[in-house]
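Novice:
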Amino acid sequence: MELLVKPSKSEESLFESLYKKIDTNTAVVGVIGMGYVGLPNIISKAKRGNSVIGFDLDESKVNMVNRGGSYISDVKSEELSNLVLDRKKIFATSDFSLLSNVDVILICVPTPIDEYKQPNLSYIKKASIDILRYAEKGALVILESTTYPSTTEDYIVKNAVARGLNVGEDFFVAYSPERIDPSNKTYNVDNTPRIVGGHTSRCTQLAEKFIGGSVLPVSSTKVAEMSKVYENTFRYVNIALANELTLICNKMGLDPWEVIEASKTKPYGFMPFYPTAGVGGHCIPVDPYYLSWYSKKFNCNAQMIELAGEINNKMSDYAVDRINGILNSEKLTLFGSKIAILGASYKKDISDVRESPIFRLYESLIRMGANITIYDPHVDSIRIKDTIVNIEDIDYNELGNYDVVVLLTAHSDFNYYKIADKSRNIFDTRDGFKEVGRFKGNYYKM
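For the sequence shown, position 216 (counting from the first letter as 1) is numbered 252 according to my numbering, and the numbering increases by one without interruption.
(1) My output table needs one value for L368: the three-state DSSP class, helix, strand or coil.
(2) I'd like to know whether the C-beta atoms of L54 and D139 end up nearer to each other than 8 angstroms.
(3) For I79, tell me which candidate among E52, S133, D110, R358 has the shortest Cα-Cα distance.
(4) Classify V111 as helix, strand or coil using the three-state DSSP reduction.
(5) When DSSP labels each residue in this structure, what does V98 get in the three-state scheme?
(6) Bridge partners for Y480 per DSSP, in chain order?
(7) In whole angstroms, what separates the C-alpha of E52 from that of L176?
(8) Using 8 angstroms as the threshold, is the region 255-271 in touch with the region 303-320, meaning 3 or more CB pairs across them?
(9) For F208, does the three-state DSSP call read helix, strand or coil?
(10) With DSSP collapsed to three states, give me the class of K56.
(11) Any chance you could list the beta strand (DSSP E) runs of at least 3 consecutive residues sitting entirely within the region 178-249, in chain order?
(12) Just to confirm before moving on: does the CB-CB distance between P148 and T182 stay below 8 angstroms?
(13) So for L119, helix, strand or coil by DSSP?
(14) Label F334 either buried or exposed according to how many other C-beta atoms from any shown protein chain fall within 10 Å of its C-beta, with 16 as the threshold for buried.
(15) For N99, count neighbouring C-beta atoms within 10 Å of its own C-beta (all shown protein chains included) and say buried if the count is 16 or more, exposed if not.
(16) By a C-beta neighbour count over all protein chains shown, 10 Å radius and 16 as the cutoff for buried, is Y152 buried or exposed?
(17) In chain order, what residues of the same chain have a beta carbon less than 6 angstroms from the beta carbon of N426, not counting five sequence neighbours either side?
(18) Quick check on DSSP: helix, strand or coil for K125?
(19) Just the C-alpha distance for G204 and E244, rounded to the nearest angstrom, thanks.
(20) Is there contact here, the region 335-347 with the region 372-382, by at least three beta-carbon pairs under 8 angstroms?
(21) For S352, which residues does DSSP report across the bridge?
(22) In this structure, how does DSSP classify V273 when only helix, strand and coil are distinguished?
(23) Just verifying my parser: in three-state terms, what is the DSSP assignment at E428?
(24) DSSP on G345, reduced to helix/strand/coil?
(25) In or out: E252 buried (at least 16 other Cβ within 10 Å) or exposed?
(26) Is T301 helix, strand or coil by DSSP?
(27) Counting only the same chain and skipping the five closest in sequence on each side, list residues whose C-beta sits under 7 angstroms from that of S164.
(28) Give the list of continuous alpha helix (DSSP H) stretches no shorter than 4 residues that lie fully inside the region 386-455.
(29) Spatial neighbours of L201 within its chain, please: C-beta separation below 6 angstroms, excluding the five flanking residues on both sides.
(30) Between E95 and S130, how many whole angstroms is the CB-CB distance? I'm expecting something under 8 angstroms.
(31) Could you tell me if the beta carbon of L281 falls within a distance shorter than 7 angstroms of some heavy atom in the ligand NAD?
(32) Would you report the Cα separation of N224 and G361, rounded to the nearest angstrom?
(33) Please check the pair F463 and V442, which I expect to be a contact at CB under 8 angstroms, by giving their CB distance rounded to whole angstroms.
(34) Applying the 10 Å Cβ sphere with the 16-neighbour rule, what's the burial state of I126?
(35) Going by DSSP, what residues sit across from F91 in a beta bridge?
(36) Any idea what DSSP makes of A376, helix, strand or coil?
Structure follows, in structure tokens:
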């Protein structure tokens, strides 16, 4: 093995010992946070041959994993059960002192924003405290949670140095942003290209070796952190452009989806993004505000991000206005109307409701006096403030009893021909009926 820098004998034993463990898949892996990023990572590393300990404060997740049950659609219970119960490769716990038994630690915790759209790094802060309290010398820590540049340095490296560790010699730290797209059938945690930025060259080497596959090493943790927030900011801004196109097309009597489909026939210089009644998910509506907030420390105003936020945030109100217009055309009002919303998750064919447009749309319609029923084959219930709203399986024969049927999430499970045949008025926010040629009632697109 060729080292970038010739280490001393004591350094060599720690670096090379861990490198060999990683190379032979004998390193014990700890994953902090067993959510949509953490659990697929646990499965991936266990299938590779590593023993994996999953850490989470949520005892229900810990117990479910130890029974071999999955709570995430991208992870099959059969596969998890085999690795937990049969092969004994996975163990979950809320006891963070067991980090002392771990060689490589992945931090996969949430990084939300607060009501003022400011970063909440409390989960990263707690993870770093636990790691530096319990982890042994020679461990490698890889932060995967999306965050602003300098987080890895501020929360892990500086605290490690304060503890007396020499990062890059007896403790190793890197940042490698997760790239997990729920329900994506082509790209997953194992075959998606990754970026790695280490605090030192040796940190980068170890992280690159551990992640494996197609990896691009970059010059620092800050570059890796910035690349992740830029990826999702790119999407957020372009979704805003598609949403603005929708507002313009509506005034002109044009179909924005037809415009976008026509534009994407250009084989270069164009990438299609589509309108939505609200930007959902754990990354796109959150990450741009990490960059916007951090930029202010350098007297930079992220004007395009703020403008994109204004456009994206008003799409829910636009959807309500359109629904109200449909009702008015039937000489009805929102107050007392019966509305069916199809889809609660933020994306088709998954159960994830984080930042879904269902929340703002439901609250607005209820506040105006509408009676709402939500249908979603992947979601059982949602919490809106202090209220649990139960979600039903779709009954196509009941759709004719609603004044408006709103398609919010274009799940593959929905039978769009039956919906078209049974509904009096359809408001389609996802272009889900593009294959349907005939409608019993009126059909409107966002």
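Don't be surprised by glycine CBs; every beta carbon is placed ideally from N, CA and C.
Specialist: For this structure:
(1) coil
(2) Going by C-beta atoms, L54 is nearer than 8 angstroms to D139.
(3) D110
(4) coil
(5) In the structure shown, V98 sits in a helix (DSSP, three-state: H, G or I).
(6) F463
(7) 12 angstroms
(8) yes
(9) strand
(10) Helix, per DSSP.
(11) Listed in chain order, they are 208-211, 230-234.
(12) no
(13) helix
(14) Exposed, by the Cβ-count rule.
(15) exposed
(16) Y152 comes out exposed.
(17) S417
(18) coil
(19) Each residue's Cα considered, the two are about 14 angstroms apart.
(20) no
(21) Per DSSP, none; premise fails for S352.
(22) Secondary structure of V273 (DSSP, three-state): helix.
(23) strand
(24) helix
(25) Before going on, a small fix: residue 252 reads as Leu here, not Glu. L252 is exposed by the Cβ-count criterion.
(26) coil
(27) If we look at S164 and ignore the five residues flanking it on each side, its Cβ neighbours are Y191, I192, N195.
(28) 394-403
(29) F207
(30) 6 angstroms
(31) Inclusion of the ligand NAD in the displayed structure is not the case, the ligand content being empty and no account of it being possible.
(32) The straight-line gap separating the alpha-carbon atoms of N224 and G361 is approximately 42 angstroms.
(33) 5 angstroms
(34) buried
(35) I68, T129
(36) strand
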